[in-house]
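In my numbering, the protein residues as written are -14 to 330. Even glycine gets a Cβ: it sits at the ideal position worked out from N, Cα and C. Heads up, the thing below is written out as structure tokens.
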């Protein structure tokens, strides 16, 4: 971590500490966004010559770990990933978001861009005016789309955060930039790794909350933490967190390794499922109340688990990669990541 990345991580901690528990409240998102924008956190991945901090994904991941530990509002992953794309389109990064979806088909009718596929869905930051999406044409060429949010429907995700939904055929002000497969995958990779980083932060906080709870709450004359069954549950969460951090750390050191970042997101999804379910099991009914902190973390984990690479999708792609690695090469694939021809993500 260089001086700039360390300073931005400290800035993220300072801003969220300043807001305290209000950083988790969606009603405070505009005020929090103003502080984030003023500090330049949302421009962390922009090159320095474009007005950003020029951080690598590995360096930016620390910001997301901090965000996850606070269960803070705002779609920080999308804000970071969308910023370089906004510059490509000549847009203001502060008014942009991006979707993880890549199943949109681009075609042309009477010289106009036409979209088909599943609805475009993306989390909203205050003042968001356009959403970016990855797409392919019928020939398999890759594009990045810019779509106006003017006529999009809004809804709340499980954590209460605002999202937009737009049917492809209803998209307005569509612009398309032709990009290579590597550029398209870079977006998917960045989103997956940063989301996994946020998930490790939230999982770590759930573990700390659970340890504190079982050591202070007593049953049958002794703290819950003295019961072996409780200790086993805690060790399950701690083990999943340790594995997730290890896989993510390896992936961040070699971000171009497709097997690495897919494994990191898949493991983060597995760890999130165990951490959330175990957390609610240990806290019982109190963990489900609106006043308790636990649900702030578990709901966000459930959202992040399904975004930028669902566990089953990542594992399916890894399986396809293993099958394509060639006869007799499975061990090499598992050990050193020899991948051969692999499917597009």
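Continuous beta strand (DSSP E) stretch holding residue i: start and end
i	result
residue 83	81 to 83
residue -9	Where residue -9 is concerned, there is no enclosing beta strand (DSSP E), although the alpha helix (DSSP H) it sits in stretches over -12 to 4.
residue 97	97 to 101
residue 68	Counting along the chain, residue 68 falls outside any beta strand (DSSP E), though it belongs to the alpha helix (DSSP H) covering 61 to 74.
residue 164	160 to 164
Residue interval of the alpha helix (DSSP H) (run including residue i)
i	result
residue 220	213 to 238
residue 266	243 to 268
residue 316	315 to 321
residue 50	42 to 55
residue 8	Note, residue 8: premise wrong, no alpha helix (DSSP H); not H, not E.
residue 286	279 to 291
residue 271	Taken as a continuous stretch (DSSP letters only), residue 271 belongs to no alpha helix (DSSP H), as it is neither H nor E.
residue 297	296 to 309
Contact check, residue i vs residue j, beta carbons under 7 Å
i	j	result
residue 177	residue 246	yes
residue 220	residue 232	no
residue 89	residue 153	yes
residue 100	residue 187	no
residue 289	residue 139	no
residue 253	residue 184	yes
residue 85	residue 277	no
residue 105	residue 65	no
residue 251	residue 296	yes
residue 74	residue 131	yes
residue 218	residue 263	yes
residue 39	residue 47	no
residue 158	residue 133	yes
residue 331	residue 11	This structure cannot settle anything about residue 331, because the visible part of the chain is limited to -14 through 330.
residue 189	residue 199	no
residue 117	residue 67	yes
residue 143	residue 122	no
residue 9	residue 182	no
residue 222	residue 244	no
residue 0	residue 20	yes
Supposed close pair residue i, residue j - CB separation, criterion 8 Å
i	j	result
residue 283	residue 256	Going by Cβ atoms, the distance from residue 283 to residue 256 rounds to 12 Å, so no, they are not a contact pair.
residue 169	residue 119	5 Å
residue 52	residue 107	About 18 Å; that fails the 8 Å criterion.
residue 30	residue 45	6 Å
residue 71	residue 285	The Cβ separation is near 25 Å, so there is no contact.
residue 165	residue 127	6 Å
residue 87	residue 173	7 Å
residue 4	residue -5	Actually they are not in contact, since the Cβ atoms of residue 4 and residue -5 sit about 15 Å apart, beyond 8 Å.
Residues that DSSP places opposite residue i in a beta bridge
i	result
residue 204	207
residue 117	83, 131
residue 122	91
residue 18	Beta-bridge pairing links residue 18 to no other residue.
residue 149	107, 139
Distance cut-off 6 Å: residue i Cβ against heavy atoms of the ligand HEM
i	result
residue 53	For the ligand HEM, the structure offers nothing, since it holds no ligand at all.
Buried/exposed call for residue i, threshold 16 Cβ in 10 Å
i	result
residue -7	buried
residue 316	exposed
residue 27	buried
residue 23	exposed
residue 268	buried
residue 115	buried
residue 325	Its pLDDT being 48, under 50, residue 325 is placed unreliably by the model, and the measurement read from it follows with that caveat. Burial call: exposed.
residue 236	buried
residue 94	exposed
residue 273	exposed
residue 135	exposed
residue 328	Note that residue 328 has pLDDT 49, beneath the 50 cutoff, so the model's placement of it is unreliable and no number is given.
residue -10	buried
residue 58	buried
residue 280	buried
residue 81	buried
residue 129	buried
residue 18	buried
residue 206	exposed
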